[in-house]
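Novice: Just so we're aligned, residue 35 is where the sequence shown starts under the working numbering, counting upward by one.
Built from N, CA and C at the ideal position, the CB exists for glycine as well.
It should be emphasised that the depicted structure is a prediction, and the values quoted were computed from it without experimental measurement.
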Amino acid sequence: MVSDSEDLKQTEQGNKLSETSSKKIFVLQCAHCKTLLGDTCSLVSAQVELSAIVLSKAVNIAVEDSNFEISNNGIDSGSAFHLVKCSGCSNVIGRCYKATPRSLDHIRDMFTLFEDNLLSYPLSCSIENLVTEGTKEDNQNETLYEVKSDIRAMQQMLVILGDRILRMESKFSKTNDC
Ligand SMILES: [Zn+2]
35 MVSDSEDLKQ TEQGNKLSET SSKKIFVLQC AHCKTLLGDT CSLVSAQVEL
85 SAIVLSKAVN IAVEDSNFEI SNNGIDSGSA FHLVKCSGCS NVIGRCYKAT
135 PRSLDHIRDM FTLFEDNLLS YPLSCSIENL VTEGTKEDNQ NETLYEVKSD
185 IRAMQQMLVI LGDRILRMES KFSKTNDC
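Here it is, written out as structure tokens:
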């Protein structure tokens, strides 16, 4: 019973989050075959240490749940995960963690997709609705919360993109040195 209502709560929160982020969405595609994989409506977090973003929902993926892989080093050392493949090209694009160190508990059972395998495009959506909603007093706190989570999602995407640019720059300068 308890888990039922918790599920319901999570679903409601999930819906709210989708509405929220629908104002500023990054669409994510497989970098190898351009298959659509998801969007930042279901963004859980950005894992800079793993160079990955974590989604609660993804499409056109296949989770290889027939065997577990174990990580032996890095921030996720000791964790167990299934490989996540793109259904379009069968390339491994990420992981679905099943056992994690405590610091990564929030990414367990989610889809951790490595940024090297992703293309992302921002969708520009109307911000007018948000402003109109904000004039209703009842919705004000909610709207503020939504704006905050929007900003957080944007910041996380920027961190990921910035990190990617830095690595590309260093790769590029190495190539030039040769
Ligand atoms: Zn693909």
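Count the other CB atoms, across all protein chains shown, that sit within 10 Å of the CB of residue 124; report buried if there are 16 or more and exposed otherwise.
Specialist: exposed
Novice: So what's residue 185 in DSSP terms, helix, strand or just coil?
Specialist: Three-state result, residue 185: helix.
Novice: Run the Cβ filter for me: residues under 6 angstroms from any heavy atom of ligand 1, listed in the order they occur in the chain.
Specialist: Per the Cβ criterion, the list is 64, 66, 67, 69, 120, 122, 123 and 125.
Novice: Which residues in the same chain as residue 68 place their Cβ atom closer than 8 angstroms to its Cβ, once the five residues preceding and following it in sequence are excluded?
Specialist: 122 and 153
Novice: From residue 183 to residue 189, what does the alpha carbon distance come to, in whole angstroms?
Specialist: 10 angstroms
Novice: Would residue 138 pass as a contact of residue 87 if the rule is Cβ separation under 8 angstroms?
Specialist: no
Novice: Indicate the three-state DSSP secondary structure (helix, strand or coil) for residue 99 in the structure shown.
Specialist: strand
Novice: My understanding is that residue 149 touches residue 194, with C-beta atoms under 8 angstroms, so please give their C-beta distance in whole angstroms.
Specialist: The pair is a contact, with the Cβ atoms about 6 angstroms apart (cut-off 8 angstroms).
Novice: Determine which residues share a DSSP beta bridge with residue 179 and list them.
Specialist: According to DSSP, residue 179 bridges with nothing at all.
Novice: In three-state DSSP terms, what is residue 132?
Specialist: Three-state result, residue 132: strand.
Novice: Excluding the 5 residues preceding and the 5 following residue 59 in the sequence, name in chain order all residues of the same chain whose CB lies nearer than 7 angstroms to its CB.
Specialist: So the qualifying residues of the chain are 73, 74, 75, 157 and 159.
Novice: For residue 151, count neighbouring C-beta atoms within 10 Å of its own C-beta (all shown protein chains included) and say buried if the count is 16 or more, exposed if not.
Specialist: buried
Novice: Mind checking which residues open and close the beta strand (DSSP E) that includes residue 61?
Specialist: 58 to 64 is the span of the beta strand (DSSP E), which, as asked, contains residue 61.
Novice: Of the choices 135, 119, 140 and 141, whose alpha-carbon is the least far from that of residue 108?
Specialist: 135
Novice: Compute the distance between the beta-carbons of residue 97 and residue 130, then report whether it is under 8 angstroms.
Specialist: Closer than 8 angstroms, so yes.
Novice: Give the DSSP-derived three-state secondary structure of residue 93 in the structure shown.
Specialist: coil
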